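In our numbering, the protein residues as written are 93 to 219.
For glycine and all other residues, C-beta sits at the position ideal for the given N, C-alpha and C.
In this text, all values refer to a predicted model and were calculated from it rather than measured experimentally.
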Amino acid sequence: MDQGLKQETIKEIEKQLLSQKKQILDDLSDLSHKDEHESDDRGVSFPEYGDKPDENAQEISDYSTNVVTEKVLEKSLADIDGALNRIKAKTYGICKYCGKPIAERRLLARPTANSCISCKTELQENE
Ligand SMILES: [Zn+2]
93 MDQGLKQETI
103 KEIEKQLLSQ
113 KKQILDDLSD
123 LSHKDEHESD
133 DRGVSFPEYG
143 DKPDENAQEI
153 SDYSTNVVTE
163 KVLEKSLADI
173 DGALNRIKAK
183 TYGICKYCGK
193 PIAERRLLAR
203 PTANSCISCK
213 TELQENE
């Protein structure tokens with residue numbers, strides 16, 4: 093079956109995904125490194141900024157930003173791993189809902205996409 097994607101296009105996307113993955117792993121290790129530095133019992137306490145109410149608010153907002161960032165990074169990492177696995181399994185570029193090839197320009201814009209535009213649109217309308 094014709095995937096609609098050239099092998100070299102897939103290679104190019106794979107390269108992109110691998111470098112994104114490396115970037116995310118770096119970011120994640122920066123985050124956890126920071127946590128170890130700034131909190132006494134890791135992950136539970138907030139980094140200490142000061143006693144003023146303003147600064148405490150800042151602390152909490154920094155803390156949740158980190159948690160959110162970490163979640164976003166982990167989600168992206170899972171998406172990237174999924175895409176890399178599909179490349180290995182030779183199912184990359186195939187919509188997981190309808191089994192049709194995903195448009196190349198969609199994949200180039202969003203390499204982790206696993207559904208075609210029409211399925212994606214339908215899903216969003218159903219939500
Ligand atoms: Zn589809």
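- Assignment of I194 by DSSP, reduced to helix, strand and coil, places it in the coil class.
- With contacts defined by Cβ atoms closer than 9 Å, S168 and Q112 form a contacting pair.
- Put simply, the region 157–171 does not touch the region 185–193. Fewer than three CB pairs are less than 8 Å apart.
- Only residues of its own chain outside the window of five on either side were considered, and among them C187, Y189, C190 have a CB closer than 7 Å to the CB of C211, listed in chain order.
- At least one heavy atom of ligand 1 lies less than 8 Å from the C-beta of Y189.
- For S156, the CB stays at least 8 Å from every heavy atom of ligand 1.
- Listed as beta-bridge partners of I186 by DSSP are P193.
- Placement of the Cβ of K163 at a distance of 8 Å or more from every heavy atom of ligand 1 is found.
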